[in-house]
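In terms of the numbering used here, the sequence shown opens at residue 435 and continues consecutively.
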Amino acid sequence: MHTLRTARTTRVARPARLLAATGVALAALALTACDNGMGTRDEGLAGGSTSTSQTTGSSGTTTGGTTTTGGTTTDEASSKTSTGTGTGTGTEAGKNSPNAQTAGSSDPFDPANRVTCNGSNTTVTVQPVSRPLNHMLITVKNTGSKVCDLYYNPTVRFDQAQWAPRVIEESQPQAVVTLAPGESGYAGVLLASADGSGENGTTAKKVTIGFQGQEYGSNGGAAAAPVLPTGGVFYDSTLAVTYWQSTVEDALMY
């Protein structure tokens, strides 16, 4: 009896030891798998990875990259912004414009290249006209090599007169008359009243035509002394002169 119990006990104990050994082996394998990264690991929020890629078409802005919190890496260098609004100051466009003018430009109408018309760069003639009555036409031709400007009105003085005739204000043009080389400008002179209402009538033998500068009343340079017709011209107290005009018709309409 004693011998039988011992044998049965031995047979029961062996499977138990075998199961225990198997359990130990399985536990060792599980630990090895975890160490090699083959197992399942719960790293929590600290090990999470977030990847964001956003594209906005309306503003031309594109943002991309990878952001990792905790033990991971943030790639912000790949984030790019492109804004296609096309704004600018226009400075370069103005510099490169074919119509842009600068000092030293070859454009003869550039203000830097223009001069004041006067007796040194023009020829001046005077001629009484039949219509309208008692009028005289002053013609100024640019004989210089540069564009010149006729400012305001001519200063007309007959003989040794110390006074200048009245200026017909309604004849003022919208812009300064500018003459290219070879072109002419004009002014009309009302010599005497058609109805005889003028006073102190006299006949002039000489005339001097003066020029004004950019400021009204300033000296524009050399005056001219055109020759009057033989016998001179008659004028009275109604003597008046127009502003410089670009056409004969405009000069004689007052």
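Where a beta carbon is used, it is the ideal one built from N, C-alpha and C, also for glycine.
Keep in mind the model is a prediction, meaning the values are calculated, not measured.
Straight-line measurement puts the Cα of Lys640 at about 7 angstroms from the Cα of Val661. When DSSP reads this structure, Pro562 sits in a beta bridge with Met570. With at least 16 other beta carbons inside 10 angstroms of its own, Ser605 counts as buried.
In this structure, Ala656 lies near Ser554, with their beta-carbon atoms less than 8 angstroms apart. Taking 8 angstroms as the cut-off, the beta carbon of Tyr585 is found no closer than this to the beta carbon of Gln679. Apart from the 5 residues on each side of it in sequence, Ser652 sits with its Cβ closer than 8 angstroms to the Cβ of Gln646 in its chain, given in chain order. With the rule of 3 Cβ pairs closer than 8 angstroms, the stretch 614-627 counts as touching the stretch 565-583.
Here Thr559 has Thr573 and Pro660 as same chain residues with Cβ atoms under 7 angstroms from its own Cβ, once five neighbours each way along the sequence are excluded. The beta carbon of Asn587 sits closer than 7 angstroms to those of Val601, Ala621, Val675, Thr676, Tyr677 and Trp678, all from its chain and outside the five residues before and after it, given in chain order. If you draw a straight line from the Cα of Gly619 to the Cα of Lys575, it comes to about 7 angstroms.
Straight through space, the alpha carbons of Leu567 and Gly630 are spaced by roughly 12 angstroms.
A check of alpha carbon separations from Ser671 across Thr681, Ser627 and Tyr688 identifies Ser627 as the nearest.
Note: Leu584 is bridge-paired with Val611 in the DSSP secondary-structure output.
Here Val610 is exposed. Its C-beta has fewer than 16 other C-beta atoms within 10 Å. With respect to the C-alpha of Gly665, the residue from Trp597, Thr636 and Asp684 having the closest C-alpha is Thr636. Contact between Thr577 and Thr557 holds: their C-beta atoms lie close to 5 angstroms from each other, under 8 angstroms. Looking at the backbone, the Cα of Phe668 and that of Ser539 are separated by about 48 angstroms.
Short of 6 angstroms from the beta carbon of Ala598, and not among the five residues preceding or following it, lie these beta carbons of its own chain, in chain order: Thr589. With at least 16 other beta carbons inside 10 angstroms of its own, Asn552 counts as buried. The three-state reading of DSSP puts Asn653 in strand, counting E and B together. By the C-beta density criterion, Arg591 is buried, having at least 16 other C-beta atoms within 10 angstroms.
Across the structure, Leu673 and Gln608 are spaced so that their CA atoms are roughly 24 angstroms apart. For Ala685 and Ala638, the gap between their C-alpha atoms comes out near 21 angstroms. Counted as a single uninterrupted DSSP element, the stretch harbouring Val641 is not any alpha helix (DSSP H) but the beta strand (DSSP E) occupying residues Val641 to Gln646. The continuous beta strand (DSSP E) containing Ala621 extends over residues Ser618 to Leu624.
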